[in-house]
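Chemist: In this note's numbering, the protein residues as written are 4 to 178. Each residue gets a CB set at the ideal place from its N, CA and C atoms; glycine is no exception. Quick caveat: nothing in here was measured; it's all calculated off a predicted structure.
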Amino acid sequence: MDTGTSEVTFENAISMLKADHRKVESLFKEFDGANDEATQQRVAREIVQELTVHAELEEQVFYPAMQAKLPEENALLMEAVLEHGSLKMMISQIEETGPGDALFKPAVKVLKEYVQHHVKEEENELMPKASRAGVDLEAVGQEMAELKQELLGKANGSSQAAAPRRDQPRAGANR
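(1) How would you write the range of the alpha helix (DSSP H) that Asn77 sits in, first residue to last?
(2) Identify which residue in Glu149, Leu150, Val138 has its Cα closest to the Cα of Ala71.
(3) Among His57, Pro67, Ser134, which one has its Cα closest to the Cα of Ala158?
(4) Okay, do the segment 106-115 and the segment 58-65 touch, 3+ Cβ pairs below 8 Å being the bar?
(5) CA-CA distance, Leu106 and Lys26?
(6) Assuming contact is defined by CB atoms lying nearer than 7 Å, are Leu129 and Ala16 in contact in what I supplied?
(7) Near Ile50, which residues of its chain fall below 6 Å by C-beta distance, leaving aside the five closest residues on each side in sequence?
(8) Can the beta-carbon of Leu150 be found closer than 7 Å to that of Leu60?
(9) For Ala78 versus Ile97, is the C-beta spacing smaller than 7 Å?
(10) Along the chain, where does the alpha helix (DSSP H) that runs through Pro131 open and close?
(11) So, is Leu85 buried or exposed, given that buried needs 16 or more other C-beta atoms within 10 angstroms?
(12) Residues in its own chain within less than 8 Å of Thr100 by CB, not counting five upstream and five downstream?
(13) Excluding the five sequence neighbours on either side, which residues of its own chain have a C-beta within less than 7 Å of the C-beta of Thr55, listed in chain order?
(14) Would His120 be called buried (16 or more neighbouring beta carbons within 10 Å of its own) or exposed?
(15) What are the start and end residues of the alpha helix (DSSP H) that includes Pro67?
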């Protein structure tokens with residue numbers, strides 16, 4: 004997996020999130036087609052890293068930007084955050100097992116199904132609402148790209164993790 008510390012590119016927040024969704028879908032397909040335990044373990048680790056970073060981007064940047072412009076959608080945003088909590092529990096279970104464990108493949112399968120549900124809701128409900136509400140998707144995307152680069156750098160143990168963080172808090176910023 005080439006996540007290094009190279010520059011994270013994007014067009015806007017929605018295109019970045021959708022690209023993440025497609026990458027994870029591809030990784031799940033790779034996992035499903037893997038015949039050996041080493042490949043299954045490697046791909047499962049990639050899935051876990053991608054989902055972990057993606058959830059952080061949404062929770063720290065995208066959802067607060069939506070909340071600022073769409074306070075009436077708080078229930079939908081809280082549902083997404085709760086789904087992230089369930090995803091994190093599933094991720095933890097995968098991290099605690101491995102290909103030799105009878106629960107490993109079923110855990111990845113259940114995670115895949117849950118992610119598919121979550122992605123469908125985001126792409127069909129949250130993202131269109133963000134676009135219509137006037138969320139500054141370019142600015143949010145820039146902030147997400149900076150955070151993603153930082154998180155991927157930390158995950159890879161890099162001391163050159165990312166561009167400097169802004170002094171302003173991520174959550175609640177008016178975009």
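Modeler: In short, the structure shows the following:
(1) Taking the sequence shown and counting its residues from 1, one reaches residue 77 at position 74. Counting along the chain, the alpha helix (DSSP H) containing Asn77 begins and ends at 77-99.
(2) By 1-based counting over the sequence shown, the position of residue 71 is 68. For Ala71, the closest alpha carbon among the candidates Glu149, Leu150, Val138 is that of Val138.
(3) For this step, residue 158 is matched to residue 155 along the sequence shown. Ranked by how close their Cα comes to the Cα of Ala158, the residues His57, Pro67, Ser134 have His57 in first place.
(4) Of all C-beta pairs linking the segment 106-115 to the segment 58-65, fewer than three are shorter than 8 Å, placing the two stretches out of contact.
(5) Residue mapping note: residue 106 aligns to position 103 of the sequence shown, counting from 1. Residue mapping note: residue 26 aligns to position 23 of the sequence shown, counting from 1. Taking the straight line joining both Cα atoms gives about 24 Å.
(6) Position 126 of the sequence shown, counted from the first residue, corresponds to residue 129. Position 13 of the sequence shown, counted from the first residue, corresponds to residue 16. The beta carbons of Leu129 and Ala16 sit no closer together than 7 Å.
(7) Residue numbering aside, residue 50 sits at position 47 when the sequence shown is read from its first letter. Within the same chain, Ile50 has close Cβ partners Leu30.
(8) If you number the sequence shown from 1, residue 150 lands on position 147. If you number the sequence shown from 1, residue 60 lands on position 57. Result yes, Cβ atoms of Leu150 and Leu60 sit closer than 7 Å.
(9) The sequence position of residue 78 within the sequence shown is 75, counting from 1. The sequence position of residue 97 within the sequence shown is 94, counting from 1. Contact flag unset, no.
(10) As a first step, residue 131 is located in the sequence shown; it is residue number 128 there, counting from the start. Boundaries of the alpha helix (DSSP H) around Pro131: 130-136.
(11) Taking the first residue of the sequence shown as position 1, residue 85 is located at position 82. Exposed is the call here.
(12) By one-based count along the sequence shown, residue 100 stands at place 97. Leu106, Phe107, Ala110, listed in sequence order.
(13) The residue you call residue 55 lines up with position 52 of the sequence shown. So the list reads Ile94, once near-sequence residues are dropped.
(14) Within the sequence shown, the letter at position 117 stands for residue 120. Result: exposed.
(15) Translated into positions along the sequence shown, residue 67 becomes position 64. Its alpha helix (DSSP H) spans residues 66-72.
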